[in-house]
Structure formats: structure tokens, C-alpha cells
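Engineer: Residue numbers (full-length UniProt numbering), protein chains in the order written: chain A, 1 to 154; chain B, 1 to 154; chain C, 1 to 154; chain D, 1 to 154. C-beta atoms are modelled at their ideal positions from N, C-alpha and C, and glycine is treated no differently. Next up is a structure, given as C-alpha cells.
Number of protein chains: 4
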Amino acid sequence: MAPARTDGGPPGFVHARRLAIEWGDCDPAGIVFYPRYFAMFDASTAALFAAALGMGKAAMLRRFGIIGIPMVDTRAWFHAPSRFGDEVAIESRVTAFRRSSFDVAHRLLRADGTLGVEGFETRVWAARHPEDPERIRGVPVPEEVVAAFAAARA
Amino acid sequence: MAPARTDGGPPGFVHARRLAIEWGDCDPAGIVFYPRYFAMFDASTAALFAAALGMGKAAMLRRFGIIGIPMVDTRAWFHAPSRFGDEVAIESRVTAFRRSSFDVAHRLLRADGTLGVEGFETRVWAARHPEDPERIRGVPVPEEVVAAFAAARA
Amino acid sequence: MAPARTDGGPPGFVHARRLAIEWGDCDPAGIVFYPRYFAMFDASTAALFAAALGMGKAAMLRRFGIIGIPMVDTRAWFHAPSRFGDEVAIESRVTAFRRSSFDVAHRLLRADGTLGVEGFETRVWAARHPEDPERIRGVPVPEEVVAAFAAARA
Amino acid sequence: MAPARTDGGPPGFVHARRLAIEWGDCDPAGIVFYPRYFAMFDASTAALFAAALGMGKAAMLRRFGIIGIPMVDTRAWFHAPSRFGDEVAIESRVTAFRRSSFDVAHRLLRADGTLGVEGFETRVWAARHPEDPERIRGVPVPEEVVAAFAAARA
């Protein structure tokens with residue numbers, strides 16, 4: 001089994017979801033086209049927040065007046081490939097909350113339990129700029145959000 | 001302008017290509033859905049090798065008997081968003097060749113010349129395993145490939 | 001509720017699956033970017049065959065010596081949009097088997113039961129050409145496949 | 001060469017663009033994953049309007065106060081596959097303007113001039129509903145738009 005590149009940081013609320021690798025996720029080598037993993041991780045982060053906050057992403061954006069949680073920095077290590085028809089699980093958790101940004105770590109596990117992909121991301125809690133709707137800027141992560149993750153962990 | 005996170009390493013052959021950000025590349029916040037940048041970078045790496053070797057990716061795979069150049073590790077920093085209708089340029093270069101792997105750095109520049117995204121990737125020069133066609137393994141990067149990049153730089 | 005454009009043809013085995021509309025499926029108008037519906041339908045056809053045959057697509061390709069079931073003709077009607085966070089169901093069935101091709105109809109139903117999208121497709125049961133592996137050609141749909149759908153309907 | 005399924009309707013302004021088929025556009029059979037053709041056609045429709053109107057899609061949406069040109073009905077016939085590394089051309093034109101909708105036809109030609117894919121689409125000129133921003137409704141296609149296409153044809 002591939003050695004993990006991240007330890008995932010301090011213990012926290014972990015959300016796991018299962019998904020099937022589809023034909024359309026794969027490239028001419030027969031394995032997942034790696035940008036698709038980032039799309040899977042993006043949906044996993046949305047599912048993680050939905051589980052912790054008890055509301056979907058659309059409701060979350062409305063509730064907190066944000067436009068999204070855009071990516072600032074993301075990295076992934078590909079330890080072993082997946083193929084169409086494979087069933088995988090993605091485990092996701094927030095590893096750090098800062099003033100207006102936060103980190104998420106993902107682990108994609110293959111059907112046999114081996115580590116397929118690790119992902120790391122830093123995102124911003126972002127709103128439209130009040131004076132220029134074309135611009136986006138970070139705003140403080142609400143205490144209610146941080147508290148919901150702390151409560152979910154317990 | 002955002003500070004670059006990478007210096008790009010030693011001087012080398014740089015290939016640049018221009019592309020348009022399309023409606024379908026963008027998300028409900030109106031900016032590029034970040035997995036699409038990885039797809040753009042994947043095509044940029046293919047274009048970089050095509051320019052250095054004087055043959056397209058399909059010809060390259062046949063010529064060297066490989067199945068692809070799968071990703072091992074990739075990272076990107078998102079400094080400033082792009083929107084549909086934007087024209088961007090991506091500059092790409094190999095920053096290191098190792099025995100059976102290599103590194104590529106990408107810089108996506110926006111129309112005004114500011115740095116939008118930086119990407120970094122480590123890939124493997126990969127062939128099917130001779131005893132198990134389901135498996136993929138790294139094989140040595142041909143000297144001819146390394147030499148072509150050195151010649152292209154000159 | 002939008003009037004259906006297809007009646008779906010004769011009764012047959014129907015496979016339904018539920019899925020969530022993700023942020024990355026949606027465009028700057030906040031609704032699903034329509035090519036994504038075709039990717040969803042492609043996965044639904046794979047799931048339909050998996051349910052009828054009792055094996056996944058990868059196993060099906062190996063079992064019958066085909067390279068895929070490429071699309072010849074596809075059409076979709078978009079009756080009502082879906083947004084990220086929506087839960088939808090896709091009902092799929094084969095409406096006709098011919099010598100080396102077949103038709104599939106899909107209905108995407110929104111959470112409130114209204115018809116969101118209808119899809120229709122004609123695909124070929126395709127193998128590599130024996131004399132030119134670059135070419136693909138239709139081959140007869142195995143009787144076993146047709147029989148499995150008939151049995152699944154019962 | 002494959003027989004065309006559409007004659008394209010009356011003569012009109014045709015916009016052509018060239019593009020490269022990328023590795024990430026292709027599936028495990030080594031040919032373009034067909035939903036990608038729809039994404040290519042979507043960008044071709046945007047390029048067609050940009051050429052006729054002399055402004056990009058973002059400027060067009062602002063200029064005419066619309067949210068987009070969502071798809072109502074689309075169909076494609078796949079005559080011959082394309083592979084990564086192929087250079088193709090897409091020719092697009094509006095075949096009909098109606099009160100608040102219009103039709104577009106696309107022809108994807110392969111490097112050898114043969115017809116690869118034909119696409120047909122009906123779209124709506126759409127604005128947000130004034131009383132419910134979650135809803136989208138068709139509004140009249142501006143005379144200025146129809147006139148620009150007529151002038152471009154001349």
C-alpha cells in the first residue's frame with residue numbers, strides 16, 4: 001500500500017461518501033483522467049460542509065451571504081489508479097479553520113482499502129466585493145460554521 | 001500582481017499557447033471551475049512535448065511504446081480568477097527530468113499580463129506492465145526525449 | 001409539468017438511479033451545463049446494462065469482446081433546469097434492440113417529480129476491426145444480452 | 001464519407017473554428033467521449049454569436065440583459081470518431097430565428113475533410129424572471145441581433 005503523504009492533521013469531523021468511477025471519468029489509458037479527481041474532491045468538500053452544517057451548498061451560500069468557497073491552493077498525490085467500474089470511497093475533513101480561509105484533506109480509498117489518491121486544499125470563504133460585483137474577496141468564516149464542525153466531531 | 005509561488009527552476013524550453021475561457025469552463029460564481037485548469041494544464045503538457053519532439057502525443061506514445069505520462073503529484077495556486085470570454089496564455093516547461101519521471105511547471109497569464117494560476121506537476125513515463133496489462137509502471141525516459149528538450153532550449 | 005416528447009416505446013426493464021447535482025455540473029447561469037446531462041445519461045446506460053446483465057461495464061466489455069457501445073445519434077429535450085444541490089432521479093431503458101445497435105431512453109425527474117430532461121440515444125455494439133485496430137465496427141448484439149433484458153423485465 | 005443528416009437550412013452566416021482534440025477529451029476506447037462534443041458545440045455557438053455581433057458572450061449578456069442562451073433541444077449524429085491529437089474544424093450557423101428562440105447547426109469536419117459529427121440545437125434567449133430570480137424565461141430576440149446575422153451574411 002502506498003505511503004500516505006499527509007497525516008491529515010488533528011482529529012476532526014470526517015465525512016465519507018462512496019462513488020462509482022464512470023467510463024466518462026477515464027482517459028485513453030483506461031484510468032481516471034486526474035482533473036476528474038479534483039471535481040470529485042470538490043463535491044466531497046460540499047458534502048462535508050452539508051453534513052456538518054445540516055444544509056446543502058446552495059442553502060449555505062444563501063444563509064451566509066457568500067458566493068462560494070473558491071480554491072486558493074490545491075495538491076493531490078496519485079498513489080494508485082482507478083478504472084471505470086471501480087467503487088471508491090472519499091473521506092474528507094477540515095484540517096484547519098483560519099480567519100477567512102480553511103484547509104480540507106481528502107483520502108480516496110479503493111475497493112480493496114488501499115489508498116488511491118490524497119488531496120489537500122485551501123479555500124477562501126468568499127463574498128462579492130460590495131463596491132465591485134465582478135470582484136470576489138475573502139470574508140470571515142462565521143463562528144457558527146466553526147462551531148458546527150466542532151459539534152459534529154463530538 | 002500576485003507573488004509567484006514558484007520560480008520555475010533552471011532555464012529551459014518554454015512553450016506558450018493561448019486559449020479562450022469558455023462558458024462551460026465556469027461555475028455558478030462565474031469563474032473557472034478549478035478542475036478545468038488541470039485539464040488545460042494537461043493539454044499544455046501535451047503541447048509542450050509536441051513542440052519539443054516535433055510529434056503529437058499519439059505519435060509520441062507509439063514512437064516510445066508508452067501508454068501515457070500519468071500524474072503522480074500535482075499542485076496549483078490560484079492567484080486571480082478568470083471568467084468566460086477571457087483570453088489567457090499558458091507557459092509551460094519541464095523543470096526536471098529524472099530516470100522515469102519528470103516535472104512540469106505552468107504559468108497561466110491573464111490578458112492584462114497578471115499571473116492567474118501556477119501549476120506544478122510530476123509525471124511518470126509509463127508503460128504497461130509486460131506480465132499484467134492491467135498494471136502500469138514507470139520506464140526510463142528515453143535519452144532522445146531529454147536531448148530533444150535540450151536542443152529545443154538552445 | 002412539461003409534456004414528454006417521447007413515450008418511451010414498449011414496456012421494458014427500467015433502471016432508476018438517484019444522483020446529486022453538483023456545483024461543478026453547473027454554469028454561470030447557476031443551472032446544469034447541458035453537456036453534463038449527457039455524461040449523466042452515459043453513466044445511466046452503463047448502470048442499466050450492469051443491472052440487466054449482472055456485471056459492470058468493464059466486465060461486460062471483457063465478457064463480450066467489445067471495445068464499447070459508442071453513440072451514433074443522441075438527442076435531449078430540456079424541459080426544466082436543475083441547480084446544484086438538487087437531487088434528481090434518472091430512469092433508463094432500452095427501447096429497441098437491432099442487429100448491432102440499440103436505442104435507450106432516459107427520463108430525468110426532479111425532486112418534485114416533474115420531468116426535467118428527456119434523452120434518447122442510439123448506440124452500436126462495437127468491436128475493434130480485426131484488420132485495423134484503429135478502426136471500430138459494429139458487431140451483432142449477443143442473444144444473451146437481449147435475453148437478459150427480457151428476463152429482467154419479467 | 002458519411003451522408004449528412006441535415007442540409008443546414010437556408011444560406012446564412014457561417015463561422016468556422018479549428019480545435020485540437022485533447023487526451024482529456026477521449027475515453028478508454030481512445031475516441032472523443034461524446035458529451036465533450038456538446039461542450040465544443042456550446043463554445044462554437046458562443047464564437048458564432050461573437051463573430052456576428054462583434055462582442056464576446058459576456059459582453060452580449062450584459063448588452064442585452066440576458067442570463068444566457070440555454071438549450072431546449074439538441075441532437076447530434078456521430079458519423080466517424082476523432083482521437084486525441086486530431087485537428088478538427090467546426091462550422092456553425094444559425095438556421096432559424098424565432099420570437100424568443102433560435103436554431104443552430106454545427107458540422108465537425110475531420111482533418112481529411114470528412115464529416116465527423118453533426119449537431120443541431122434549439123436555444124432560448126433567456127432572462128431572469130422579474131418576479132422570481134430563481135426562474136428563467138424566454139424574452140424576444142432583439143431585432144439588432146437578427147440584423148447583425150443578416151449583415152454578417154452579406
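Is DSSP giving Pro35 of chain C helix, strand or coil here?
Structural biologist: Note: Pro35 of chain C maps to helix in three-state DSSP.
Engineer: Beta-carbon within less than 6 Å of Ala89 of chain C's beta-carbon, same chain only, minus the 5 sequence neighbours each way: which residues are those?
Structural biologist: Cβ neighbours of Ala89 of chain C beyond the five flanking positions: Ala16, Arg18, Leu109.
Engineer: In chain order, which beta strand (DSSP E) runs of at least 3 residues are fully inside the stretch 84-150 of chain D?
Structural biologist: Runs of the beta strand (DSSP E) inside the stretch 84-150 of chain D: 87-97, 101-109, 115-124, 126-129, 132-138.
Engineer: For Cys26 of chain C and Ala148 of chain C, what's the separation of their Cα atoms in angstroms?
Structural biologist: Taking the straight line from one Cα to the other gives about 36 Å.
Engineer: Checking 9 Å against the spacing of the C-beta atoms, do Gly12 of chain C and Val94 of chain C come in under that value?
Structural biologist: The answer is yes: Cβ separation under 9 Å.
Engineer: Look up Gly68 of chain D in the DSSP assignment and say whether it is helix, strand or coil.
Structural biologist: Looking at Gly68 of chain D - three-state DSSP - the assignment turns out to be strand.
Engineer: Determine contact between the stretch 65-81 of chain C and the stretch 116-128 of chain C, defined as no fewer than three beta-carbon pairs at a distance below 8 Å.
Structural biologist: At 8 Å Cβ cutoff, the stretches touch.
Engineer: Using CA atoms only, rank isn't needed, just tell me which of D:Pro140, D:Arg137, D:Ala51, D:Ser101 is closest to Ala152 of chain D.
Structural biologist: Checking every option, the nearest Cα to that of Ala152 of chain D belongs to D:Ala51.
Engineer: Which residues in chain D have a C-beta closer than 9 Å to the C-beta of residue 178 of chain A? List them in chain order.
Structural biologist: As displayed, chain A neither begins before 1 nor continues past 154, which places residue 178 of chain A out of reach and without an answer.
Engineer: To which residues of the same chain is Pro81 of chain B closer than 6 Å at the C-beta, ignoring the five residues directly before and after it?
Structural biologist: For Pro81 of chain B, where only same-chain residues beyond five positions count, the Cβ hits under 6 Å are Ile31.
Engineer: Would you kindly report the start and end of the unbroken beta strand (DSSP E) that includes Ala16 of chain D?
Structural biologist: Unbroken beta strand (DSSP E) run through Ala16 of chain D: 15-20.
Engineer: Excluding the 5 residues preceding and the 5 following Ser101 of chain C in the sequence, name in chain order all residues of the same chain whose CB lies nearer than 8 Å to its CB.
Structural biologist: Val72, Thr122, Arg123, Val124, Trp125, Gly138, Val141.
Engineer: I'd like to know whether the C-beta of Pro35 of chain C is nearer than 9 Å to at least one C-beta of chain B.
Structural biologist: Closer than 9 Å to some Cβ of chain B, the Cβ of Pro35 of chain C qualifies, so yes.
Engineer: Can you pull the chain C neighbours of Phe78 of chain D, defined as C-beta to C-beta under 9 Å?
Structural biologist: Neighbours of Phe78 of chain D on chain C, chain order: Pro70, Met71, Val72, Asp73, Thr74.
Engineer: Classify Gly24 of chain B as buried or exposed, calling it buried when 16 or more other Cβ atoms lie within 10 Å of its own Cβ.
Structural biologist: Its Cβ being crowded by 16 or more others within 10 Å, Gly24 of chain B is buried.
Engineer: Under a Cβ-count criterion, where at least 16 other Cβ atoms within 10 Å of its own Cβ denotes burial, should Gly113 of chain A be classed as buried or exposed?
Structural biologist: So Gly113 of chain A ends up on the exposed side.
Engineer: Report buried or exposed for Met1 of chain A, applying the criterion of at least 16 other Cβ atoms within 10 angstroms of its Cβ.
Structural biologist: In this prediction, Met1 of chain A scores a pLDDT of 46, lower than 50, which makes its location untrustworthy; no coordinate-derived value is stated.
Engineer: Among all the DSSP beta bridges, which residues are the ones paired with Arg75 of chain B?
Structural biologist: Looking at the DSSP assignment, Arg75 of chain B forms a beta bridge with A:Arg75, B:Phe120.
Engineer: Identify the contact partners of Ala39 of chain B in chain D, using a Cβ-Cβ distance below 8 Å as the criterion.
Structural biologist: Glu22, Gly24, listed in chain order.
Engineer: Sort B:Ser92, B:Gly65, B:Pro133, B:Leu115 by Cα distance to His79 of chain B and report the nearest one.
Structural biologist: The shortest C-alpha separation from His79 of chain B is found at B:Leu115.
Engineer: Grab me the residues of Ala150 of chain B's own chain with a C-beta within less than 6 Å of its C-beta, minus the 5 sequence neighbours each way, in chain order.
Structural biologist: Excluding residues within five positions, none has a Cβ falling inside 6 Å.
Engineer: Around the C-beta of His129 of chain D, are 16 or more other C-beta atoms found within 10 angstroms, so that it is buried, or is it exposed?
Structural biologist: So His129 of chain D ends up on the exposed side.
Engineer: What residues of chain C sit near Asp42 of chain D, judged by a beta carbon separation below 8 Å?
Structural biologist: Here the neighbours are Phe33, Tyr34, Pro35.
Engineer: Could you name the residues of the same chain whose beta carbon sits closer than 8 Å to that of Glu118 of chain B, not counting the 5 residues immediately before and after it, in chain order?
Structural biologist: So the list reads Ala4, Arg5, Thr6, Ala76, Trp77, His79, Ala105, His106, Arg107, Leu108, once near-sequence residues are dropped.
Engineer: So Ala127 of chain B and Gly85 of chain B are supposed to be a Cβ contact under 8 Å. How far apart are they, rounded?
Structural biologist: Between Gly85 of chain B and Ala127 of chain B the Cβ distance is about 41 Å, and since that is not below 8 Å, they are no contact.
Engineer: Would you say Pro35 of chain C and Pro28 of chain B are within 9 Å of each other, going by their C-beta atoms?
Structural biologist: Going by C-beta atoms, Pro35 of chain C is not nearer than 9 Å to Pro28 of chain B.
Engineer: Which same chain residues, not among the five before or five after Pro133 of chain A, have their C-beta less than 7 Å away from its C-beta?
Structural biologist: Correct list: empty, nothing qualifies.
Engineer: Would you tell me roughly how many angstroms separate the C-alpha atoms of Arg63 of chain A and Gly54 of chain C, rounded to the nearest one?
Structural biologist: Spanning the two alpha carbons is a distance of roughly 44 Å.
Engineer: My guess is that Ala39 of chain C and Glu87 of chain C are in contact by the Cβ rule of under 8 Å, so how many angstroms apart are they, rounded?
Structural biologist: Not confirmed; about 17 Å, so no contact.
Engineer: Please report how far the alpha carbon of Glu131 of chain D lies from the alpha carbon of Ala59 of chain A, in whole angstroms.
Structural biologist: In a straight line, the C-alpha of Glu131 of chain D is about 20 Å away from that of Ala59 of chain A.
Engineer: How would you call Ala96 of chain A, buried or exposed, if buried means at least 16 neighbouring beta carbons within 10 angstroms?
Structural biologist: Per the 10 Å Cβ criterion, exposed.
Engineer: Going by the beta-carbon positions, is the gap between Val145 of chain C and Phe49 of chain C smaller than 9 Å?
Structural biologist: Cβ distance < 9 Å, so Val145 of chain C and Phe49 of chain C count as in contact.
Engineer: Just how far apart, CA to CA, sit Ala111 of chain C and Arg83 of chain C?
Structural biologist: In a straight line, the C-alpha of Ala111 of chain C is about 11 Å away from that of Arg83 of chain C.
Engineer: Ile67 of chain C versus chain D: which residues are under 7 Å apart at the beta carbon?
Structural biologist: Those are Ala29, listed as they occur along chain D.
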